[in-house]
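Participant: For reference, the structure I am asking about is given below.
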Amino acid sequence: MTERILYSTSLSGHGHRVELLLDLLGLTYKFVDAPADVRKTPEFAALNPLQQIPVLQDGDVILTDSNAILVYLAKTYDRSGKWLPDTPLEAARVQRFLSIAAGEVMYGPGIARRVLQFGMSGDPVSATQIAERLLRFLEQHLADKDYLATTHPTIADLACYSYVAHAPEGGIPLDPYPSVQAWIARIESIPGFRGMPRLPIPQVA
1 MTERILYSTS
11 LSGHGHRVEL
21 LLDLLGLTYK
31 FVDAPADVRK
41 TPEFAALNPL
51 QQIPVLQDGD
61 VILTDSNAIL
71 VYLAKTYDRS
81 GKWLPDTPLE
91 AARVQRFLSI
101 AAGEVMYGPG
111 IARRVLQFGM
121 SGDPVSATQI
131 AERLLRFLEQ
141 HLADKDYLAT
151 THPTIADLAC
161 YSYVAHAPEG
171 GIPLDPYPSV
181 QAWIARIESI
191 PGFRGMPRLP
201 IPQVA
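Structural data, given as structure tokens:
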């Protein structure tokens, strides 16, 4: 059997999206904690010279970048084709939200959470503005849709879920966005779903 290893941390939204798909596909894997000090080692740099998580080792294959890993897993192991549809229009719609996950989701709620929870560098004002713009867009987009890209969950939803669902941990409330909250609940009701650990919600003036 191919040994599958995921290098990440339990509180990484990027890593969580990969964990989600691994779990939902029923794939076994070993989780290796890779905090910042581990990522600075030559051994980790050999896996990813950019020293970023997550990294997936699937037998002889080593993959970096969470969205690239999602594409690989869906194409390799999802026989149903539902997580990454093949039709040009649906595939394009999925790709759109993978780009949003790497852009607005990361630089909005992702950065806001990093700054408030972990004291990492970043502009919280800019992150909040980006997050609020993103959430307004998602609220409108999801007003008449159950999922982001198609009529069923895809890797687009998994890529965007973690940081959006945990936006309150970065001081971004979700109360004004009922359609977004309903979408989060739908993702969390998928059989096999496993959440990312919750952090205390900060009191933001």
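For what it's worth, the UniProt record's numbering labels the leading residue of the sequence shown as 1, then goes sequentially.
In this text, a Cβ means the ideal position worked out from N, Cα and C, and glycines have one as well.
Which of helix, strand or coil does DSSP assign to Q57?
Facilitator: Mapped onto the sequence shown, residue 57 falls at position 57. Correct three-state label for Q57: strand.
Participant: Along the chain, where does the alpha helix (DSSP H) that runs through F118 open and close?
Facilitator: Working through the sequence shown from its first residue, we reach residue 118 at position 118. Here the alpha helix (DSSP H) through F118 covers 111-118.
Participant: Measuring straight from C-alpha to C-alpha, what distance separates R93 and V71?
Facilitator: Taking the first residue of the sequence shown as 1, we reach residue 93 at position 93. Taking the first residue of the sequence shown as 1, we reach residue 71 at position 71. Spanning the two alpha carbons is a distance of roughly 14 Å.
Participant: Looking at the unbroken alpha helix (DSSP H) that takes in V38, where does it start and where does it end?
Facilitator: For the purposes of this step, residue 38 is taken as residue 38 along the sequence shown, with counting starting at 1. First-last of the alpha helix (DSSP H) with V38: 36-39.
Participant: If I measure Cβ to Cβ from residue 206 and keep anything under 6 Å in the same chain, skipping five residues before and after, which residues do I get?
Facilitator: Coverage of the chain is limited to positions 1 through 205, which leaves residue 206 absent and any answer about it impossible.
Participant: Taking S8 as part of the beta strand (DSSP E), name the residues at either end of that continuous run.
Facilitator: On the sequence shown, position 8 is the one that residue 8 refers to. Element bounds for S8: 4-8.
Participant: Tell me the DSSP bridge mates of F31?
Facilitator: Along the sequence shown, one-based indexing puts residue 31 at 31. Answer is L6.
Participant: Please list, in chain order, all residues of the same chain as P202 whose beta carbon is under 6 Å from its beta carbon, the five residues on each side excluded.
Facilitator: On the sequence shown, residue 202 is found 202 positions in, with the first residue counted as 1. These residues qualify, in order along the chain: L116, G171.
Participant: Kindly provide the ranges of any alpha helix (DSSP H) runs that are 4 or more residues long and lie completely inside the UniProt domain "GST C-terminal" (87-204), ordered along the chain.
Facilitator: As far as the UniProt domain "GST C-terminal" (87-204) is concerned, its whole alpha helix (DSSP H) runs of at least 4 residues are 88-100, 111-118, 124-141, 155-165, 178-188.
Participant: Determine the extent of the alpha helix (DSSP H) in which N67 is found, giving its start and end residues.
Facilitator: Here residue 67 corresponds to residue number 67 of the sequence shown, with the count starting at 1. Here the alpha helix (DSSP H) through N67 covers 66-77.
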